[in-house]
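Colleague: The structure that follows is given in the form of structure tokens.
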Amino acid sequence: MRFTQVAVHRLAALSPGEIILNLVLSGLAVAAALGAGFALHRLLGVGLRRLPREETANQVRSSGALRLGWAIIKFALAAGAAYTVLGVWGFDPLAWSGGAAGRGLIRVAGRLALLAVIFAAAFELTGLAVRRTMARLAAGARDPRRAAQLRTLSPLLGGVLRSVIVIMGAMMLLSELGVKIGPLLAGAGVAGIAVGFGAQSLVKDVLTGFFLIIEDIVSVGDTIRIDTSKGEVEQMTLRTIRLRDFDGTLHVFPYGEAQVIHNETKTFSYAVIDLQISYDSDVDAALAAMRRVGDDLAADDEFRGEILSPIDVLGVETLKENGPQLKARIKTRPGADAGVQREFNRRIKQAFDTEGVVIPYPHMRLVLPGNETKSA
211 MRFTQVAVHR
221 LAALSPGEII
231 LNLVLSGLAV
241 AAALGAGFAL
251 HRLLGVGLRR
261 LPREETANQV
271 RSSGALRLGW
281 AIIKFALAAG
291 AAYTVLGVWG
301 FDPLAWSGGA
311 AGRGLIRVAG
321 RLALLAVIFA
331 AAFELTGLAV
341 RRTMARLAAG
351 ARDPRRAAQL
361 RTLSPLLGGV
371 LRSVIVIMGA
381 MMLLSELGVK
391 IGPLLAGAGV
401 AGIAVGFGAQ
411 SLVKDVLTGF
421 FLIIEDIVSV
431 GDTIRIDTSK
441 GEVEQMTLRT
451 IRLRDFDGTL
461 HVFPYGEAQV
471 IHNETKTFSY
481 AVIDLQISYD
491 SDVDAALAAM
501 RRVGDDLAAD
511 DEFRGEILSP
521 IDVLGVETLK
531 ENGPQLKARI
541 KTRPGADAGV
551 QREFNRRIKQ
561 AFDTEGVVIP
571 YPHMRLVLPG
581 NETKSA
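As structure tokens, this is what we get:
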């Protein structure tokens, strides 16, 4: 109240010319702070563009530490501008801060700022430590499935630990502000019970996702099918699984809705080959060509590491209207089946052409009625 009375008294004592001059000087102080902030922002952008890789630049740009540092810089510029403006109008913030109220406010603000910096640093360092630890363990894992499982667990574990840090930080900040957190915790417990009853599907999604990862049913990088959607698992959060299909469409499923998951790339895959030949073609020659092409493909340096076992020619699967259908399969590394199958199709077409084996195409026979004479 005393500060307000002093401020009103000083402003009333100023002449119109002094008020205009103070307004101009205040505007210049604010403009200088804004200009400094704009210049620092441009310098920061130039520095990020000069980083060696675009991925690294994006990671730094999205880093919470960078956002916190930029917020501190903006706060410092705003505080400097406010101090200058107060000085222009004849107020001394340092003299006011020497009082009991000022010292108390500065002490509380300092503790709050220190806690904010500590928890922000812990938030970033925890995420960095989890990512690097999981990446190191995944790189050293001999089993590809184990490596995929570790990569899947990395964001989930980081999210849980970061959530704990955020909750602890919020409680300590509220405690510093004089808020009694005991009743808050009790109220949060009651609210948690109520939310648990009202959000049973959410709890089901979280538990289902947890067991999917622990039991190694699905991992990031697997090709799976849920209902009619098929794609590569791009991300698994605490509640949802995200698939990216061939044309780039992103499918997001809550774990509770993924009742049946078809994993096509766990441990190994099969390139399934269904070929139809005409009834006039030699079936034995076609089967021999399939075995020969499969063996040549397995001996090729480009595909040798992708194929796990020799081609398994099953024979004539069924007899269709245009000819017999032949079936075979090649066991491959997880996810390599599509590339192996495309190359097999290219080579078997050339082999069939050489052997005189004909691949039929759909045709239609039209029977036209003859000319009829009508009697009058």
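All you need for this note's numbering is the position in the sequence shown, starting with 1, plus 210.
From the three backbone atoms N, C-alpha and C, an ideal C-beta is built for every residue, glycine too.
Where do the ends of the beta strand (DSSP E) carrying Gln535 lie?
Modeller: Taken as a continuous stretch (DSSP letters only), the beta strand (DSSP E) holding Gln535 covers 533–542.
Colleague: Could you give the residue range of the beta strand (DSSP E) that holds Gln469?
Modeller: No beta strand (DSSP E) holds Gln469; DSSP gives it neither H nor E.
Colleague: Relative to the alpha-carbon of Gly504, which residue among Ser488, Asp490, His472, Val550 has its alpha-carbon at the smallest distance?
Modeller: Val550
Colleague: For the stretch 328–375, which segments carrying the alpha helix (DSSP H) assignment without a break, of at least 4 residues, lie completely within its bounds, in sequence order?
Modeller: none
Colleague: Rounded to a whole number of angstroms, what is the C-alpha to C-alpha distance between Val340 and Asp455?
Modeller: 29 angstroms
Colleague: Within 8 angstroms, do at least three Cβ pairs link the stretch 445–452 to the stretch 511–520?
Modeller: no
Colleague: Taking 8 angstroms as the threshold (C-beta atoms), are Gly441 and His472 in contact?
Modeller: no
Colleague: Is Asp415 near Tyr480, with beta carbons less than 8 angstroms apart?
Modeller: no
Colleague: Who does Lys440 pair with in a DSSP beta bridge?
Modeller: Beta-bridge pairing links Lys440 to Arg435.
Colleague: Going by DSSP in three states, Lys476 sits in which element: helix, strand or coil?
Modeller: coil
Colleague: Would you mind sorting Gln359 into buried or exposed? The rule is 16 or more other CB atoms within 10 Å of its CB.
Modeller: buried
Colleague: By DSSP, does Gly494 sit in helix, in strand, or in coil?
Modeller: For clarity, residue 494 is Asp in the given sequence; the question names Gly instead. It is helical.
Colleague: Under 8 angstroms, do Met381 and Ile391 count as touching if we go by C-beta distance?
Modeller: yes
Colleague: Leaving out five residues before and five after Ala349 in sequence, what residues of the same chain have Cβ atoms less than 8 angstroms from its Cβ?
Modeller: Cβ within range, chain order: Ala357.
Colleague: Can the beta-carbon of Val443 be found less than 8 angstroms from the beta-carbon of Gly431?
Modeller: yes
Colleague: Within 10 angstroms of its Cβ, does Gly533 collect 16 or more other Cβ (buried), or is it exposed?
Modeller: buried
Colleague: Kindly list the residues whose CB is nearer than 7 angstroms to the CB of Ile375, restricted to its own chain and excluding five residues on each side of it in sequence; keep chain order.
Modeller: Answer for Ile375: Phe329, Ala332, Phe333, Thr336, listed in chain order.
Colleague: Within a Cβ cutoff of 8 angstroms, which residues of the same chain sit near Leu367, ignoring the five residues on either side of it in sequence?
Modeller: Contacts found: Val340, Met344.
Colleague: Taking the alpha-carbon of Leu322 as reference, which of Leu347, Leu383, Lys284 has the nearest alpha-carbon?
Modeller: Leu383
Colleague: State the Cα-Cα distance for the pair Leu529 and Pro544, rounded to the nearest angstrom.
Modeller: 31 angstroms
Colleague: Below 8 angstroms between beta carbons: does that hold for Asp492 and Val567?
Modeller: yes
Colleague: Where do the N-terminal and C-terminal ends of the alpha helix (DSSP H) with Arg556 fall, by residue?
Modeller: 547–565
Colleague: For Phe285, does the count of other Cβ atoms within 10 angstroms reach 16, so buried, or fall short, so exposed?
Modeller: exposed
Colleague: Quick one: what does DSSP say Gly525 is sitting in, helix, strand or coil?
Modeller: strand
Colleague: Once DSSP output is grouped into helix, strand and coil, what is the label at Arg502?
Modeller: Taken through DSSP and simplified to helix, strand or coil, Arg502 comes out as helix.
Colleague: Distance check for Glu474 and Asp506, CA to CA, integer angstroms please.
Modeller: So the two alpha carbons sit approximately 25 angstroms from each other.
Colleague: Alpha carbons only, please: which of Met446, Thr438, Leu231, His251 is nearest the one belonging to Ser429?
Modeller: It is Met446 whose Cα lies nearest to the Cα of Ser429.
Colleague: Given a cut-off of 8 angstroms on the beta-carbon distance, is the pair Thr542 and Glu516 in contact?
Modeller: A contact, by the Cβ cut-off of 8 angstroms.
Colleague: With distances taken from CA atoms, which of Ser236, Leu254, Arg539, Met500 is nearest Leu518?
Modeller: Arg539
Colleague: I need the DSSP call for Leu412, collapsed to helix, strand or coil.
Modeller: helix
Colleague: Output the distance between the C-alpha atoms of Glu531 and Pro464, rounded to the nearest integer angstrom.
Modeller: 44 angstroms
Colleague: Grouping DSSP H, G and I as helix and E and B as strand, with all else coil, what is Phe513?
Modeller: Reduced to three states, the DSSP call for Phe513 is coil.
Colleague: Please check if any C-beta of chain B sits within less than 8 angstroms of the C-beta of Val416.
Modeller: The chain labelled as chain B is not found in the depicted structure, where only one protein chain is given.
Colleague: With 16 as the cutoff for other CB atoms within 10 Å, does Thr433 come out buried or exposed?
Modeller: buried
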